[in-house]
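Reviewing the structure listed below.
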Amino acid sequence: MNNLSFDDILSTRIKFGKVQIQTFLIISLIDLLDGSEFMFLQLLNAIIYKEWSLSLSQLIVLATVFNFGQFIGSLICGQFSDYTGRKSMLVWSCLLQVLKNSMLLTAFVQDLPQLLILRFCFGLLFGIALPISSILMAEVTPLHVRGQFIVTLQMMYIVGRMWMLLLAFIFLDSIATGNWRAIAVTNSIPCFICLIGSIVYLHESPRFLISQGNIKEGIEGINFMGRFNDKDYVDLQEDEIQALQQWRKATFEQQYDKKSFKELFNQENLPITWRAYSLSIISMLMYSGLYIIIPFLFDEEEKTLLDLLYTVLIELPAVLVVVCLIDKIGRLPIVLIGTVTSMIAVFIIWYWRARYLLLGLIAFKFFNRMTFLSFTPLILESYSTIYRSLGIGTTIAFGRAAGFLSPVIILPLYQKDNYSPFLASIFILIIMTIIFATYPKDLTRKPLDIKYEKVD
Numbered sequence: 106m107n108n109l110s111f112d113d114i115l116s117t118r119i120k121f122g123k124v125q126i127q128t129f130l131i132i133s134l135i136d137l138l139d140g141s142e143f144m145f146l147q148l149l150n151a152i153i154y155k156e157w158s159l160s161l162s163q164l165i166v167l168a169t170v171f172n173f174g175q176f177i178g179s180l181i182c183g184q185f186s187d188y189t190g191r192k193s194m195l196v197w198s199c200l201l202q203v204l205k206n207s208m209l210l211t212a213f214v215q216d217l218p219q220l221l222i223l224r225f226c227f228g229l230l231f232g233i234a235l236p237i238s239s240i241l242m243a244e245v246t247p248l249h250v251r252g253q254f255i256v257t258l259q260m261m262y263i264v265g266r267m268w269m270l271l272l273a274f275i276f277l278d279s280i281a282t283g284n285w286r287a288i289a290v291t292n293s294i295p296c297f298i299c300l301i302g303s304i305v306y307l308h309e310s311p312r313f314l315i316s317q318g319n320i321k322e323g324i325e326g327i328n329f330m331g332r333f334n335d336k337d338y339v340d341l342q343e344d345e346i347q348a349l350q351q352w353r354k355a356t357f358e359q360q361y362d363k364k365s366f367k368e369l370f371n372q373e374n375l376p377i378t379w380r381a382y383s384l385s386i387i388s389m390l391m392y393s394g395l396y397i398i399i400p401f402l403f404d405e406e407e408k409t410l411l412d413l414l415y416t417v418l419i420e421l422p423a424v425l426v427v428v429c430l431i432d433k434i435g436r437l438p439i440v441l442i443g444t445v446t447s448m449i450a451v452f453i454i455w456y457w458r459a460r461y462l463l464l465g466l467i468a469f470k471f472f473n474r475m476t477f478l479s480f481t482p483l484i485l486e487s488y489s490t491i492y493r494s495l496g497i498g499t500t501i502a503f504g505r506a507a508g509f510l511s512p513v514i515i516l517p518l519y520q521k522d523n524y525s526p527f528l529a530s531i532f533i534l535i536i537m538t539i540i541f542a543t544y545p546k547d548l549t550r551k552p553l554d555i556k557y558e559k560v561d
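Residue numbering for the sequence shown follows the numbering used here, starting at 106 and increasing by one per position.
So, in structure tokens, the structure goes:
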């Protein structure tokens, strides 16, 4: 029993069952809301630009403020969720979202300053909640299906975008005109559902509790999960509890006094951190920029909401491909395949322009979704539990920072040449391929935590 780890308990005693499915159903609403909000911002930028006759500088501010809020929120998440717990951060974020009710209030804004304030607040709260969903799911799911469930969780981002496009078909006349206020009201409903589910049905991660030294609460959490999954489950025995205490001591004890932002750059974490930050920054610079200009480009090329829907629907088969392969061939091979093929698709768009715009975007969205679906588990699994929230939270934060800077770069480029942002994206994808090719760790079907080696 001396070599028993939390992952052993999770795989052989708790196993996979109802508790993981219940957790998924609750926290998946966070990703659904993120997807719907991102699509809403895409449409809202184009609609408000026309409806309120915004200048280019005002459009840039409108396009950046949500990502700026997410940047601040992700930093808050990374700093505090490793102390306060996964569930508490999620509940507080959902509660504040309901109290602020940003989506609902958005329907009643009368001018740009009011809209900017609400966009920032919603981004802030989302930045707090979004990293926690993947972290919590990873920490309570057995390793043999962990990658599949994290990817499936991210699929809800696509479902959220499809939900928003459904509302757009109902309430909008075209990509750039229609009743966007009715969309804002309707899209506030999932937030209320998520809050209720988080308070009533969500439970703290036992892995997190044990890593923090709360052994009694962690054991109670393990036994609850075991009984929930199997009515014949037998509570942990004393030798198993002692083995978990030894695992916790060997894995985490030396890290508590050292845990800080600078420790993400120690000898153990540095090879992961600099690559994670670099990839998050440049990928979001590209991703946010392209997604901002697509509604404008579609409007100019006389594309329809149905064409926009095609570019979202294609991401669903990408999810199915990744779910089937991620725990077989690994996270990193999928990321490399997705990045290289995305680069080819973007080159086709840039070179042939309107002729292959829709086809190229469909291909890009398919392969780019493969990359992003595998990127999240690749990074969050690379950090130990002690640093996981801080590592993934700051990684997302730096990506969002690039996201709110992206319109400053992309929109002026777009005004000069509608297709020049795609040329810039080709160079970004080349850099991403090089960084991914040198990534040092892929923990597919391996324990999340390894023994910490002290660095002198």
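Ideal placement from N, C-alpha and C gives every residue a C-beta, glycine not left out. It should be emphasised that the depicted structure is a prediction, and the values quoted were computed from it without experimental measurement.
Burial of Asn172 is indicated by the presence of at least 16 other C-beta atoms within 10 angstroms of its C-beta. Non-local C-beta neighbours of Ser310 in its own chain, meaning closer than 7 Å and more than five positions away in sequence, comprise Arg191, Leu241, Glu244 and Val245, ordered along the chain. A straight-line Cα-Cα distance of about 8 Å links Leu223 and Leu210. Judged by their CB atoms, Arg505 and Phe176 are nearer to each other than the 9 Å cut-off.
Cβ-Cβ distances below 7 Å link Pro295 to Leu134, Leu137 and Leu138 in the same chain, with the five nearest sequence neighbours on each side left out; the list follows chain order. The shortest CA-to-CA distance from Arg251 to any of Leu485, Ala542, Ala507 and Thr499 is the one to Leu485. Annotated three-state conformation of Ser279 is strand, per DSSP. A residue is called buried when at least 16 other Cβ atoms come within 10 angstroms of its Cβ; Gln259 meets this threshold and is buried. Pro422 counts as exposed, since fewer than 16 other C-beta atoms from the protein chains shown sit within 10 angstroms of its C-beta. Between the segment 371-378 and the segment 156-166, the count of C-beta pairs closer than 8 Å stays below three; the two stretches do not touch.
Take Tyr524, set aside five residues on each side of it, and the residues of its chain with a beta-carbon closer than 6 Å to its own are Trp455 and Arg458, in chain order. In terms of Cβ geometry, Met475 and Ile439 form a close pair [threshold 9 Å]. The Cβ-Cβ distance between Val170 and Phe509 falls below 9 Å. Ile431 and Gln253 do touch by the CB rule: their CB atoms are close to 6 Å apart, below 8 Å. Between Ile467 and Ile419, the gap from beta carbon to beta carbon is short of 9 Å. The C-beta of Phe129 has 16 or more other C-beta atoms within 10 Å across all chains shown, which makes the residue buried. One thing to note: Thr444 has its Cβ no nearer than 9 Å to the Cβ of Phe297. Straight through space, the alpha carbons of Thr416 and Leu220 are spaced by roughly 28 Å.
Excluding residues up to 5 positions away in sequence, Phe333, Asn334 and Asp335 lie with their Cβ nearer than 8 Å to the Cβ of Gly122 in the same chain. Taking a contact as a CB-CB distance under 8 Å, the pair Leu270 and Leu149 does not count as one, their CB atoms being some 13 Å apart. A direct Cα-Cα distance of roughly 17 Å separates Ser179 from Trp379. With a cutoff of 9 Å on beta-carbon distance, Ile387 and Ile501 are scored as not near each other. Looking at the backbone, the Cα of Ile346 and that of Val264 are separated by about 41 Å.
For Tyr392, the uninterrupted alpha helix (DSSP H) segment begins and ends at Leu375 to Glu405. Taking all protein chains in view, the Cβ of Val339 is surrounded by fewer than 16 other Cβ atoms within 10 Å, so the residue is classified as exposed. Measuring C-alpha to C-alpha distances from Asn473 to each of Leu518, Met391 and Gln127 identifies Met391 as the nearest. By the neighbour-count criterion, in which 16 or more other beta carbons inside 10 Å mark a residue as buried, Phe111 falls on the buried side.
In the DSSP assignment, Asn473 falls within the alpha helix (DSSP H) that extends over Leu462 to Leu485.
When rounded, the separation of the alpha-carbon atoms in Leu518 and Ala507 is 16 Å. Sequence-distant partners of Leu441 (beyond 5 residues in either direction) whose C-beta falls short of 6 Å from its own C-beta, in its chain, are Phe541. Between Pro482 and Leu248 a beta carbon distance of about 11 Å is seen, past the 8 Å cut, so the two are scored as non-contacting. Under the three-state reduction of DSSP output, Phe452 falls in the helix class.
Straight-line measurement puts the Cα of Leu437 at about 28 Å from the Cα of Ala355.
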